[in-house]
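> In the working numbering, the protein residues as written are 26 to 332.
Quick one: the structure is below, and I'll ask about it shortly.
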């Protein structure tokens, strides 16, 4: 239900892709600029966990991060000590981008596929600016494209061009298969960012397996139509992945209430899936610059620690 494209009065559904070269270049330039300054610092502070090595302990000083306290040494010494870490090592960031048709449902606030692309571009350039290796895996009901991890702004530009230049071939969604493929091609532990609407058949087990090996962040791209059915007229509703069609009466309170209950139930189930898998998650909504949601997530995760 929630992945259906709403069409009123026969309005057409936007097709996957559709990025002009000028739009691609604007996205690359804007993402590169936004991924600097404060945002880059927040990215580094959150994702430094897999890129540092323990060096020594020293006595606690006011202002030290309490999460670095070495409790064993503190207990033996009778006063607080903190762990010190060596310079960050190279880190690998893998972006798993869902390009299934359900993200192309039209909305007055813009398609979820555009928002997902902006999120992916921001993370790619933030990783590049931090001298991390960043790679890309795009999927539908099949693997669309894989770009091995690399460094630098040119590599980030290549990643952005990859998911904006070519329309996807698949018509469904299979995140489980994409996670299993990622496990086969990723030799070292990485930070894995999954950007999707998560409208996919059961993927809990592959997600749990991925989280055992990697630091996994689930970024759910949402739209207001995912939660609330507009209360105006009749809607010709088409599932963009299966092609199934039906008519929904948006003026019916009972229909709108049922739609809303279904949306809440799915959101609860998705959060339970993330929690059971040990995955950190956040939501990014269409119509809101994704930089804000990502920056807030980084600050919150830094404050409370990873996981």
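Every residue, glycine too, gets a C-beta built ideally from N, C-alpha and C.
Out of 147, 223, 125, 54, point me to the one whose CA is closest to residue 266's CA.
In the chain shown, residue 266 corresponds to position 241, counting from 1. When each option's Cα is compared against that of residue 266, the closest is 125.
> How do the stretch 93-113 and the stretch 276-288 stand: do at least 3 beta-carbon pairs fall below 8 Å, yes or no?
At 8 Å Cβ cutoff, the stretches do not touch.
> Cutting at 7 Å between CB atoms, please list the residues of its own chain near residue 45, excluding the five before and the five after it.
To locate residue 45, count along the chain shown from 1; it is residue 20. There are no such residues.
> Between residue 144 and residue 319, is the Cβ-Cβ spacing less than 8 Å?
Counting from 1 along the chain shown, the entry for residue 144 is found at position 119. Counting from 1 along the chain shown, the entry for residue 319 is found at position 294. Yes; because the gap between Cβ atoms is below 8 Å, this pair is in contact.
> Hey, residue 218 and residue 148 are a contact pair by Cβ (cut 8 Å); roughly how many whole angstroms apart?
Working through the chain shown from its first residue, we reach residue 218 at position 193. Working through the chain shown from its first residue, we reach residue 148 at position 123. Yes, residue 218 and residue 148 are in contact; Cβ-Cβ is about 6 Å, under 8 Å.
> Our contact map puts residue 246 next to residue 222 with C-beta atoms below 8 Å; I'd like the distance itself, whole angstroms only.
Your numbering for residue 246 matches position 221 in the chain shown. Your numbering for residue 222 matches position 197 in the chain shown. Correct: roughly 5 Å between the Cβ atoms.
> Please list the terminal residues of the continuous alpha helix (DSSP H) segment that includes residue 299.
Counted from its first residue, the chain shown places residue 299 at position 274. Residue 299 -> alpha helix (DSSP H) spans 278-302.
> Out of curiosity, what's the CA-to-CA distance linking residue 307 and residue 101?
Reading the chain shown from its first residue, position 282 is the one you call residue 307. Reading the chain shown from its first residue, position 76 is the one you call residue 101. Cα-Cα distance, rounded: 40 Å.
> Secondary structure at residue 310, three-state DSSP: helix, strand or coil?
Position 285 of the chain shown holds residue 310. If DSSP states are grouped into helix, strand and coil, residue 310 belongs with the strands.
> Report the option in 48, 228, 196, 187 whose CA atom is closest to the CA atom of residue 202.
In the chain shown, the residue the question calls residue 202 occupies position 177. Ranking 48, 228, 196, 187 by Cα distance to residue 202 puts 228 first.
> By the DSSP assignment, the alpha helix (DSSP H) with residue 185 in it spans what residues?
Here the question's residue 185 lines up with position 160 in the chain shown. 178-190 is the extent of the alpha helix (DSSP H) around residue 185.
> Within the same chain, show all residues whose beta-carbon is closer than 7 Å to that of residue 169, passing over the 5 residues directly before and after it, in chain order.
On the chain shown, position 144 is the one that residue 169 refers to. 124, 163, 193, 194, 195, listed in sequence order.
> Considering only C-alpha positions, which residue in the set 323, 325, 314 is nearest to residue 139?
Within the chain shown, numbered from 1, the residue matching residue 139 stands at position 114. The shortest Cα separation from residue 139 among 323, 325, 314 belongs to 314.
> Where do the N-terminal and C-terminal ends of the beta strand (DSSP E) with residue 51 fall, by residue?
Numbered from its first residue, the chain shown carries residue 51 at position 26. No beta strand (DSSP E) holds residue 51; the alpha helix (DSSP H) holding it covers 46-59.
> Along the beta strand (DSSP E) that carries residue 145, what are the first and last residues, could you check?
For the purposes of this step, residue 145 is identified with residue 120 of the chain shown, where counting begins at 1. Residue 145 -> not in any beta strand (DSSP E); alpha helix (DSSP H) instead, spanning 137-154.
> Pick out whichever of 310, 257, 225 has its Cα sitting closest to the Cα of residue 294.
For this step, residue 294 is matched to residue 269 along the chain shown. Nearest of 310, 257, 225 to residue 294, Cα basis: 225.
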